[in-house]
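In the numbering used here, the protein residues as written are 17 to 88.
Where is the CB? At the ideal position from N, CA and C, for every residue including glycine.
All values derive from a computational prediction rather than experimental measurement.
Beneath this line is the structure, given in structure tokens, with notes to follow.
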């Protein structure tokens, strides 16, 4: 199961990189990860968050990131 998640993360990370975006995951030692679980943010080439930071950092799910990568 963890391997499937890592494969999906790597796939979407490559898709976003081709379009000029970067995928950021909640740091392992962040208090956010302990409380909310792993989350994601999409950052453009100017280091501006375009997805995953509305009310808190790293709030996008992997499904939301995959949808963004498909649309972008």
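- Roughly how many whole angstroms lie between the Cα atoms of residue 65 and residue 18? 26 Å
- Query: What do you get for residue 42, buried or exposed, if any count of 16 or more other CB atoms within 10 angstroms of its CB means buried?
  - Reply: buried
- Item | Neighbour-count burial assignment, residue 84, 16 or more Cβ in a 10 Å radius | buried
- Have a look at the DSSP bridge pairing and note the partners of residue 38. 59
- Query: In its own chain, which residues sit with a C-beta less than 6 Å from the C-beta of residue 61, not counting the 5 before and 5 after it?
  - Reply: 36
- Are the beta-carbon atoms belonging to residue 76 and residue 87 less than 8 Å from one another? no
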